[in-house]
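Structure, as structure tokens:
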Amino acid sequence: MNVLDTFRLDGKIAWVTGANYGIGMAIATALAQAGATIVFNGVNQEHIDTALAQYKAQGIRAYGFRCDVTDEEAVRALVAEIEEKVGVVDILVNNAGIIRRIPMTEMPVDEFRKVVDIDLVAPFICAKAVIPGMIRKGHGKIINICSMMSELGRETVSAYASAKGGLKMLTRNICSEFGEHNIQCNGIGPGYIATPQTAPLRKRQADGSRHPFDQFIVAKTPAGRWGDPEDLMGPAVFLASDASNFVNGHVLYVDGGILAYIGKQP
């Protein structure tokens with residue numbers, strides 16, 4: 571077999587949580603371009619419908635469902651519906667997530683729990699729901715969208731860093747527990763990515779200078795730029811494909827080199 575053929579996803583069904591826009595949509599688009607049928611979910615029907623139209627405009631076959639991934643019964647029902655209408659999930663990408671930037675001593679515990687619920691508990695629920703089908707099929711790929719905060723701490727993101735650090739360890743544990751069933755569970759750790767959500771941090775100031783946070787990120791990144799959602803497409807296809815069949819329990823950081831770099835001397 572030609573090595574390039576091992577990256578193909580023809581006939582595979584890929585469920586990407588929260589793939590209505592941004593990083594999730596870029597990853598879903600990449601998997602579709604490699605041949606997969608796309609399933610995604612969200613909590614806002616209007617956003618789901620908009621995303622379906624965008625996928626259709628690209629010639630991508632996609633199915634959108636409304637589902638709160640923190641609700642275990644709803645996730646079980648969704649997986650059953652996917653299996654009935656589309657087929658058994660071959661690839662799960664746990665992409666849905668939130669962040670709350672609040673100093674730790676000012677953060678209400680309910681907000682902390684909400685972040686952990688969406689960023690850590692939901693991936694557990696979704697993986698738990700699809701693994702039985704993967705075992706029946708004799709293969710499966712789970713990709714958890716981790717973060718540089720799986721490795722680093724930073725002011726105001728105690729809940730997010732706690733959840734993403736936990737997600738790194740959940741990735742390793744799924745590998746440990748289900749590797750014998752030919753299920754590979756890996757993570758992708760994006761660096762700072764240029765999305766609509768980060769646009770205010772990259773907006774030029776009134777005097778034409780860069781936003782201070784933009785300056786900070788560019789200076790800390792050996793690549794000298796923010797990442798684009800498209801930078802995650804190749805890594806996602808690799809980890810979803812047979813090309814990564816002996817890669818398990820790994821987190822692939824797509825960060826332009828930030829984690830490898832101490833920074834320039836002042």
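Under the working numbering, the sequence shown has 612 at position 42, and the numbering climbs by one with no breaks. All C-beta atoms in this analysis are idealised placements derived from N, C-alpha and C, irrespective of residue type, glycine included.
- Here the alpha carbons of residue 801 and residue 765 stand approximately 12 Å from one another.
- Residue range 710-715 is occupied by the beta strand (DSSP E) that includes residue 711.
- A Cβ-Cβ contact shorter than 8 Å links residue 660 with residue 583.
- Counting along the chain, the unbroken beta strand (DSSP E) around residue 612 starts and ends at 607-612.
- Burial state of residue 576 is exposed, judged by a 10 Å Cβ sphere holding fewer than 16 other Cβ atoms.
- The beta carbon of residue 796 lies closer than 6 Å to those of 762, 764 in the same chain, with the five residues before and after it left out.
- Taking all protein chains in view, the Cβ of residue 832 is surrounded by fewer than 16 other Cβ atoms within 10 Å, so the residue is classified as exposed.
- The closest CA to that of residue 726, considering only 824, 573, 825, 675, is found on 675.
- The C-beta of residue 679 has fewer than 16 other C-beta atoms within 10 Å across all chains shown, which makes the residue exposed.
- If you look at residue 577, you'll find it isn't in any alpha helix (DSSP H); DSSP assigns it neither H nor E.
- DSSP links residue 589 through a beta bridge to no other residue.
- Ranking 604, 605, 597, 586 by CA distance to the CA of residue 612 puts 586 first.
- Residue 829 and residue 684 have their alpha carbons spaced roughly 27 Å apart.
- Shown here, residue 603 sits in a helix according to DSSP, grouped into three states.
- Non-local beta-carbon contacts of residue 806 in its own chain, meaning distances under 6 Å to residues more than five positions away in sequence, involve 597, 600 in chain order.
- By the beta-carbon neighbour count (other beta carbons within 10 angstroms, threshold 16), residue 746 is exposed.
- Under a 10 Å Cβ-count criterion, residue 574 is classified as exposed, with fewer than 16 other Cβ atoms of the shown protein chains found around its own Cβ.
- Residue 664 and residue 642 have their C-alpha atoms roughly 14 Å apart.
- With fewer than 16 other CB atoms across the displayed protein chains lying within 10 angstroms of its CB, residue 827 is exposed.
- Assigned with DSSP and collapsed to three states, residue 632 falls in strand.
- DSSP places residue 835 outside both helix and strand once states are collapsed to three, so it counts as coil.
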